[in-house]
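One structure is given here, and the rest of the page talks about it.
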Amino acid sequence: MELCDMPAWKLKELIRKGDISPEDILDSVFERIEEVERDLNSYITILKEEAYNQAKEIKARLQKGEDLPLGGIPIAIKDILCTKGIETTCASKILKGFYPPYDATVVERVKRAGAIIIGKTNLDEFAMGSSTENSAFGPTRNPWDRERVPGGSSGGSAAAVAAGETILALGSDTGGSVRQPAAFCGIVGLKPTYGLVSRYGLIAYASSLDQIGPMTKDVRDCALLLQVIAGKDEKDSTSLKVDLPNYLEACRHHDLSGIKIGIPREYISESLDPSVAEVMENSKRVFEKLGATVKEISLPHTEYALPTYYIIAPAEASSNLARYDGVQYGLRVKGKSLRDMYLETRTKGFGDEVKRRIMIGTYVLSAGYYDAFYLKALKVRRLVKADFDEAFKEVDYILTPTSPTPAFKLGEKIEDPILMYLSDVFTVPVNLAGICAISINGGFSKENLPIGIQLIGRALDEFGLLKIASAFETETELQGCRPFGR
Amino acid sequence: MRVTIKDVKHIMKLAYLDLKGEEEEKMLKHFSRILEYFAKLQELDTANIEPLSHVIEESTPLREDEVKKGLSQRDVLSMAPEEEGGYVKVPKIVE
């Protein structure tokens, strides 16, 4: 296996033993980028020269005996996270030429931990989408089948991790944007509990739902990266002050006896793709074999979660995106008056889906409609959260498919927004409730497309999620499967 | 609930967007489809349910009011498309 296809924890061991250097990993990763990037388009910005400069610095720090949890490991950053002095576009024309004067807290933390930033990855504009087709820089393609989407909105990060164009990546998840692309690309993606990871420097989409999460080749890497990015940050007042467990410890215990896992009957409908249903059946048997009890449960408000999400998220987005008016940053289209400048800048700068969500959000917040839509959605949000509270009295974890189908074809859903939104039907309830969930590879379809399973846990039980995910991964050995694995 | 082109034009005005012709038609079509989908929520009786706007329902966190180093004026202005004399420059507002 080539270095670029290996997980970070294994590469760390090889570096420590002196078998390889950080430059060797970069050589392997950039060789793969050279080979596949033209087809995949995972990146908006590639930082090759900077990466080799960072590698030299890290090598010196390692030689001095510094303990660096991510020392010498390449990482790709979703281009919605601010990086000091490096263009940050959100895949939008409106942020063209935006060079933030500061790093997002997560970026600062991975740098401090010795990771090497090798590029900024593609996404749906402002993270609004489920396929990475809504990018001003063109779509990203799925490394398992180039006719298909990698999922979204963190599609660039997912494709890059799967294809060996990076070792680690960061994504953001507002309604499934880490988990659904992780599922479509056969990697691991975690949406942490709201508040576990600082959002400082994450360009806001829907602030009450956004969380940053690790996207990795296996569960152990996920634990490794979470450890670095989690924890209170005084620059984000909503970040939680909690004692962090040692997440890597979670990957060492594989006995699941006494653990109760629920499968919500509302998630196993007839609209589920047969290959996804089959993977769910198999996964259930694997967890039983590992000692867990698996039973059917009910989350009765499931069908209301998606319309609720598509009211709340656009409402928050319409407010958050009001700042793009050509005044303070990014694109400015000149107009005769200030008003014309606002209008021209926003009309030319935003893409179709972003405009749609701004319009929907403005509508549901406008006089006469606020109660019927926005307030109603906030009330249903409480019902969705209460469903989970009830379920967690009965079981410890919830097992669901990550998405109803494997990766779909480019262009297949782009003309029908509702059809596109439905691919997030199993992921959005978790964001509405603010709890945590992980997507891992559960198997493959007949066309050799990866199929993700989602495990949902109580607020702040990332340790438990990593534990059962790691047990599953060890039992099935599915995470080692790579599109270009040799 | 039916949305008309008049509604779309009104919302465009509020949102500072200016769509024309085909783009405007498409927005109306998608807008109607999405709002139809939202109607599903009316099935639920939520009369006695408190709205949940944020999962962290504690009071606003406070911090000490101390002066700390932030971004410099130069750093902040470096983001602006146009600046002059330490200010962000915009088209003339008062005639």
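Residue numbers (my numbering), protein chains in the order written: chain A, -5 to 480; chain B, -3 to 91. Just so you know, even glycine gets a beta-carbon here, dropped at the ideal spot from N, CA and C. All of these numbers come straight from a predicted model, not from anything done at the bench.
- Message: Can you confirm whether P395 (chain A), when its beta carbon is compared against all beta carbons of chain D, has any partner nearer than 8 Å?
- Response: Structure shown: chain D not included; protein chains present are A and B.
- Quick one: is V90 (chain B) near chain A, going by C-beta distance under 8 Å? Here the question's residue 90 (chain B) lines up with position 94 in the second sequence. Any Cβ of chain A closer than 8 Å to the Cβ of V90 (chain B) would place that residue at the interface, and such an atom is absent.
- Message: Quick check on the burial criterion: 16 or more other C-beta atoms within 10 angstroms. Buried or exposed for I257 (chain A)?
- Response: The count along the first sequence starts at 1 and reaches residue 257 (chain A) at position 263. That one is buried.
- Within this structure, are the beta carbons of A271 (chain A) and S433 (chain A) separated by less than 8 Å? As a first step, residue 271 (chain A) is located in the first sequence; it is residue number 277 there, counting from the start. As a first step, residue 433 (chain A) is located in the first sequence; it is residue number 439 there, counting from the start. No; because the gap between Cβ atoms is not below 8 Å, this pair is not in contact.
- Task: Identify whether K342 (chain A) lies in helix, strand or coil by the three-state DSSP scheme.
- Result: Here residue 342 (chain A) is taken as the residue at index 348 of the first sequence, counted from 1. Helix at K342 (chain A).
- Task: Decide if the region 183 to 190 of chain A is in contact with the region 91 to 105 of chain A; the criterion is three or more beta carbon pairs, one per stretch, under 8 Å apart.
- Result: no
- Message: For T396 (chain A), tell me which candidate among A:I52, A:L459, A:D167 and A:R173 has the shortest Cα-Cα distance.
- Response: Along the first sequence, read from residue 1 onward, the residue named residue 396 (chain A) stands at position 402. That would be A:R173, whose Cα lies nearest to the Cα of T396 (chain A).
- Query: Listed from N- to C-terminal order along the chain, which residues in the region 26 to 54 of chain B have their beta-carbon within a distance smaller than 7 Å of any beta-carbon of chain A?
  - Reply: Those would be H26, F27, R29, I30, Y33, F34, K36, L37, L40, T42, I45, E46, P47, L48, S49, H50, V51 and I52, in chain order.
- If you run the structure through DSSP and keep just helix, strand and coil, what is T481 (chain A)? A query on residue 481 (chain A) cannot be resolved here, the shown segment of chain A reaching from -5 to 480 and no further.
- Task: Evaluate R480 (chain A) with the Cβ neighbour count: other Cβ atoms within 10 Å of its Cβ, from every protein chain shown; 16 or more gives buried, anything less gives exposed.
- Result: On the first sequence, position 486 is the one that residue 480 (chain A) refers to. Interpretation of R480 (chain A) is limited by its pLDDT of 45, a score under 50 that renders its predicted location unreliable; no figure is taken from the coordinates.
- Cα separation between G152 (chain A) and E80 (chain B)? Looking up residue 152 (chain A) in the first sequence gives position 158. Looking up residue 80 (chain B) in the second sequence gives position 84. According to the sequence provided, residue 152 (chain A) is Ala. The question's Gly does not apply to it. Cα to Cα, A152 (chain A) sits roughly 42 Å from E80 (chain B).
- Message: Can you check which of these residues, A:N116, A:S125 and A:E44, is closest to L416 (chain A) by C-alpha distance?
- Response: As a first step, residue 416 (chain A) is located in the first sequence; it is residue number 422 there, counting from the start. Restricting attention to A:N116, A:S125 and A:E44, the CA atom closest to the CA of L416 (chain A) is found in A:S125.
- Message: Please report the straight-line C-alpha distance between A109 (chain A) and G65 (chain A), rounded to a whole angstrom.
- Response: As a working mapping, residue 109 (chain A) is identified with position 115 in the first sequence. As a working mapping, residue 65 (chain A) is identified with position 71 in the first sequence. Distance between the alpha carbons of A109 (chain A) and G65 (chain A) is about 5 Å.
- Message: Against chain B, with Cβ distances strictly below 8 Å, would K379 (chain A) count as a contact?
- Response: Position 385 of the first sequence, counted from the start, is the residue given in the question as residue 379 (chain A). Chain B, which has a Cβ nearer than 8 Å to the Cβ of K379 (chain A), makes this yes.
- Task: Compare the C-alpha of F34 (chain B) against each of A:D139, A:A366, A:S129 and A:A85 and name the closest.
- Result: Your numbering for residue 34 (chain B) matches position 38 in the second sequence. Nearest C-alpha to F34 (chain B): A:A366.
- Under 8 Å between C-beta atoms, does L92 (chain B) make it to chain A? This structure cannot settle anything about residue 92 (chain B), because the visible part of chain B is limited to -3 through 91.
- DSSP state of R376 (chain A), grouped into three classes? For this step, residue 376 (chain A) is matched to residue 382 along the first sequence. Helix.
- C-alpha distance - K278 (chain A) paired with T470 (chain A), whole-angstrom precision: Reading the first sequence from its first residue, position 284 is the one you call residue 278 (chain A). Reading the first sequence from its first residue, position 476 is the one you call residue 470 (chain A). Those two C-alpha atoms are separated by around 12 Å.
- Item | Nonlocal neighbours in the same chain, by C-beta distance under 8 Å from L372 (chain A), ignoring five residues either side | Mapped onto the first sequence, residue 372 (chain A) falls at position 378. Excluding sequence neighbours, L372 (chain A) sits near I306.
- Message: Distance check for L472 (chain A) and G355 (chain A), CA to CA, integer angstroms please.
- Response: Residue numbering aside, residue 355 (chain A) sits at position 361 when the first sequence is read from its first letter. Residue numbering aside, residue 472 (chain A) sits at position 478 when the first sequence is read from its first letter. Approximately 41 Å, taken between the alpha carbons.
- Task: Could you name each continuous alpha helix (DSSP H) segment of 4 residues or more that falls completely within the region 382 to 435 of chain A, going from the start of the chain to the end?
- Result: 411 to 415 and 422 to 427
- Item | Contact list for E62 (chain B) against chain A, beta-carbon separation under 7 Å | Translated into the one-based positions of the second sequence, residue 62 (chain B) becomes position 66. Going along chain A, no residue has its Cβ under 7 Å from E62 (chain B), so there is no contact; the nearest lies around 11 Å.
- Do you know whose CA, among A:D383, A:D(-1), A:E243 and A:Q205, lies nearest Q221 (chain A)'s CA? For the purposes of this step, residue 221 (chain A) is identified with residue 227 of the first sequence, where counting begins at 1. Taking only the C-alpha atoms, the option nearest Q221 (chain A) is A:E243.
- Message: Can you confirm whether K461 (chain A), when its beta carbon is compared against all beta carbons of chain B, has any partner nearer than 8 Å?
- Response: For the purposes of this step, residue 461 (chain A) is taken as residue 467 along the first sequence, with counting starting at 1. By this cut-off, K461 (chain A) is not an interface position.
- Would N44 (chain B) be called buried (16 or more neighbouring beta carbons within 10 Å of its own) or exposed? Start at 1 with the first residue of the second sequence, and residue 44 (chain B) comes out as number 48. Looking at its Cβ environment, which holds fewer than 16 other Cβ atoms inside 10 Å, N44 (chain B) is exposed.
- Message: Just checking: is the beta-carbon of M414 (chain A) within a distance shorter than 8 Å of some beta-carbon in chain B?
- Response: Translated into the one-based positions of the first sequence, residue 414 (chain A) becomes position 420. False, the Cβ-Cβ gap to chain B never drops below 8 Å.
- Helix, strand or coil at L162 (chain A) [DSSP, three-state]: Within the first sequence, the letter at position 168 stands for residue 162 (chain A). L162 (chain A) falls in the strand class under three-state DSSP.
- Task: With a threshold of 16 other CB atoms inside 10 Å of the CB of G189 (chain A), please say whether the residue is buried or exposed.
- Result: Here residue 189 (chain A) is taken as the residue at index 195 of the first sequence, counted from 1. G189 (chain A) should be labelled buried.
- CA-CA distance, Y12 (chain B) and D346 (chain A)? Within the second sequence, numbered from 1, the residue matching residue 12 (chain B) stands at position 16. Within the first sequence, numbered from 1, the residue matching residue 346 (chain A) stands at position 352. Looking at the two C-alpha atoms, the distance is approximately 14 Å.
- Buried or exposed: H26 (chain B), going by 16 or more other Cβ atoms within 10 Å of its Cβ? Along the second sequence, read from residue 1 onward, the residue named residue 26 (chain B) stands at position 30. The residue is buried, with at least 16 neighbouring Cβ atoms inside 10 Å.
- Item | Bridge partners - P94 (chain A), DSSP secondary structure assignment | Sequence index remark: in the first sequence, residue 94 (chain A) carries index 100 (1-based). DSSP, once it has assigned bridges, lists no residue as partnering P94 (chain A).
- How is the alpha helix (DSSP H) around V273 (chain A) delimited, first residue to last? Indexing the first sequence from 1 puts residue 273 (chain A) at position 279. Where V273 (chain A) is concerned, the enclosing alpha helix (DSSP H) stretches over P268 to K283.
- Do you know whose CA, among B:V(-1), B:R29, B:D41 and B:R(-2), lies nearest R376 (chain A)'s CA? Taking the first residue of the first sequence as 1, we reach residue 376 (chain A) at position 382. Among B:V(-1), B:R29, B:D41 and B:R(-2), the Cα nearest to that of R376 (chain A) belongs to B:D41.
- Kindly indicate the opening and closing residues of the alpha helix (DSSP H) around A200 (chain A). Stepping through the first sequence from its first residue, residue 200 (chain A) is reached at position 206. Under the DSSP assignment, A200 (chain A) falls outside any alpha helix (DSSP H); it carries neither an H nor an E label.
- Rounded separation between L122 (chain A) and K6 (chain A) - CA only: Residue mapping note: residue 122 (chain A) aligns to position 128 of the first sequence, counting from 1. Residue mapping note: residue 6 (chain A) aligns to position 12 of the first sequence, counting from 1. Here residue 122 (chain A) turns out to be Met, not Leu, going by the sequence shown. Rounded to the nearest angstrom, the two C-alpha atoms are 35 Å apart.
- Message: Less than 8 Å between the C-beta atoms of L117 (chain A) and S148 (chain A), yes or no?
- Response: Sequence index remark: in the first sequence, residue 117 (chain A) carries index 123 (1-based). Sequence index remark: in the first sequence, residue 148 (chain A) carries index 154 (1-based). Yes, Cβ-Cβ distance for L117 (chain A) and S148 (chain A) is below 8 Å.
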